[in-house]
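Trainee: For the numbering used here, count along the sequence shown from 1 and bump the result up by 12.
Sharing a structure, written as structure tokens. Questions coming.
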Amino acid sequence: MSDVGVVLVEDELPIRRFMRAALTAQGYRLYEAATGADGLVEVATRRPDVVIVDLGLPDMDGLEVIRRIREWSAVPIIVLSARGQETDKVAALDAGADDYVSKPFGPAELLARLRVAVRHAAGARSDTAVIGVGHLQVDLGRRRATVAGREIHLTPIEYKLLATLMRHAGKVLTHRQLLAEVWGPSHLGQAHYLRVYMGQLRRKLEADPARPRYLLTEPGVGYRLAAD
């Protein structure tokens, strides 16, 4: 992971020290900021490959940092959030974050999320691409899904939901984001649609629908297609 730059916006010194040790040991270039204002300057000047933002900053809400970055940059953003604060996670993802890590967290989880973010940023895909995760492949040009080479028949809605998740493999998509993308903005309150269609997709795509390998639930937040 050499030559991958990361801006960390975090006011807690112990967490910065922990992440400095974990990331630099893996070859990441880490730039640190203890406030939102300094973080925005670091992102603008360093042009990193990934940004990590704590939601609880001393000078401004982490959500505001995300919104300001999104005004001019598509850099992957990983949010640090206190465990159990699902409303904060949803708000951060809706504001433009790509993923979140709940505190407390271990280095293995953090590094895995970073790898996914870097791959996602490097793999901007066209609508004619064939996207693959494990044995699952989606041919966006031919609107065709296969598992281990076997074609799976999907309804138009099932295909659109799967293609949306595949385009953002590794990224957490909130219920609102998926509903807007697949059904349109008039259906933002229809979360039960997602439960029904995700259940159908899992029955068609997963070896064990009760223990999915690909289509993962982020409780209270949304869904994610596993990229690792």
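Virtual Cβ for every residue (Gly too), placed ideally from N, Cα, C.
Quick caveat, the model's predicted, so the values are computed rather than measured.
1) Under 8 Å, with one C-beta from each stretch per pair, do the stretch 142-161 and the stretch 188-198 reach the 3-pair mark?
2) Cβ of Ala46 within 8 Å of Cβ of Leu75?
3) Looking at Ala181 and Leu237, is the spacing between their C-beta atoms short of 8 Å?
4) Is the CB-CB distance between Ala239 and Val87 below 8 Å?
5) At 3 residues or longer, what runs of the beta strand (DSSP E) sit wholly inside the stretch 31-69?
6) Going by alpha carbons, who is nearest to Val242 out of Leu228, Val102, Glu83, Ile169?
7) What number of angstroms, rounded off, separates the C-alpha of Leu148 from the C-alpha of Pro70?
8) Given 8 Å as the limit, is there contact between the stretch 203-213 and the stretch 55-73, that is, 3 or more CB pairs closer than that?
9) Quick check on this structure: which residue in Leu35, Gly68, Leu227, Arg225 has the alpha carbon closest to the alpha carbon of Ala120?
10) Note down the Cα distance separating Ala94 from Phe30, rounded to an integer number of angstroms.
11) If you run the structure through DSSP and keep just helix, strand and coil, what is Tyr226?
12) Using only the alpha-carbon positions, how far apart do Ala49 and Ile64 sit?
13) Rounding to the nearest angstrom, what Cα-Cα distance links Arg214 and Pro224 in this structure?
14) Using 8 Å as the threshold, is the C-beta distance between Leu187 and Gly153 below it?
15) Pull up the CB-CB distance for Asp111 and Val159, whole angstroms please, since I reckon it's below 8 Å.
16) Do you know whose CA, among Asp100, Thr167, Val55, Leu67, lies nearest Arg82's CA?
17) Run through the DSSP bridge pairs and tell me what Gln149 is partnered with.
18) Helix, strand or coil for Val184? Go by DSSP, reduced to three states.
19) Among all the DSSP beta bridges, which residues are the ones paired with Glu163?
20) Taking the CB atoms as reference points, tell me whether Arg41 and Val16 lie closer together than 8 Å.
Mentor: Taking the definition as stated:
1) The stretch 142-161, when compared against the stretch 188-198, does not touch it at the 8 Å Cβ threshold.
2) Locating residue 46 in the sequence shown gives position 34, counting from the first residue. Locating residue 75 in the sequence shown gives position 63, counting from the first residue. In this structure, Leu75 does not lie closer than 8 Å to Ala46 by Cβ.
3) Numbered from its first residue, the sequence shown carries residue 237 at position 225. Numbered from its first residue, the sequence shown carries residue 181 at position 169. Yes, these two residues count as a Cβ contact at 8 Å.
4) As a first step, residue 239 is located in the sequence shown; it is residue number 227 there, counting from the start. As a first step, residue 87 is located in the sequence shown; it is residue number 75 there, counting from the start. Not in contact: Ala239 and Val87 (Cβ atoms no closer than 8 Å).
5) The stretch 31-69 contains these whole beta strand (DSSP E) runs: 41-45, 62-66.
6) Any question about residue 242 goes unanswered here, given that the chain covers just 13 to 240.
7) Against the sequence shown, residue 148 aligns to sequence position 136. Against the sequence shown, residue 70 aligns to sequence position 58. In this structure, the alpha-carbon of Leu148 lies about 44 Å from that of Pro70.
8) Under the three-pair Cβ rule at 8 Å, the stretch 203-213 does not count as touching the stretch 55-73.
9) The residue labelled residue 120 in the question sits at position 108 within the sequence shown. The residue with the shortest Cα to Cα distance from Ala120 is Leu35.
10) The count along the sequence shown starts at 1 and reaches residue 94 at position 82. The count along the sequence shown starts at 1 and reaches residue 30 at position 18. In this structure, the alpha-carbon of Ala94 lies about 16 Å from that of Phe30.
11) Looking up residue 226 in the sequence shown gives position 214. It is coil, neither helix nor strand.
12) On the sequence shown, position 37 is the one that residue 49 refers to. On the sequence shown, position 52 is the one that residue 64 refers to. The C-alpha of Ile64 is placed about 14 Å away from the C-alpha of Ala49.
13) For the purposes of this step, residue 214 is taken as residue 202 along the sequence shown, with counting starting at 1. For the purposes of this step, residue 224 is taken as residue 212 along the sequence shown, with counting starting at 1. Cα to Cα, the separation comes out at about 7 Å.
14) As a working mapping, residue 187 is identified with position 175 in the sequence shown. As a working mapping, residue 153 is identified with position 141 in the sequence shown. The question names Leu, but residue 187 is His in the sequence shown. Not in contact: His187 and Gly153 (Cβ atoms no closer than 8 Å).
15) Position 99 of the sequence shown holds residue 111. Position 147 of the sequence shown holds residue 159. Between the beta-carbon of Asp111 and that of Val159 there is about 25 Å, and that puts the pair past the 8 Å contact cut.
16) Here residue 82 corresponds to residue number 70 of the sequence shown, with the count starting at 1. Minimum Cα distance to Arg82 is reached at Val55.
17) Counted from its first residue, the sequence shown places residue 149 at position 137. Beta-bridge analysis with DSSP links Gln149 to Gly144, Thr158.
18) Counted from its first residue, the sequence shown places residue 184 at position 172. Secondary structure of Val184 (DSSP, three-state): coil.
19) As a working note, residue 163 is residue 151 in the sequence shown. Bridge partners of Glu163: Thr158.
20) Against the sequence shown, residue 41 aligns to sequence position 29. Against the sequence shown, residue 16 aligns to sequence position 4. The answer is yes: Cβ separation under 8 Å.
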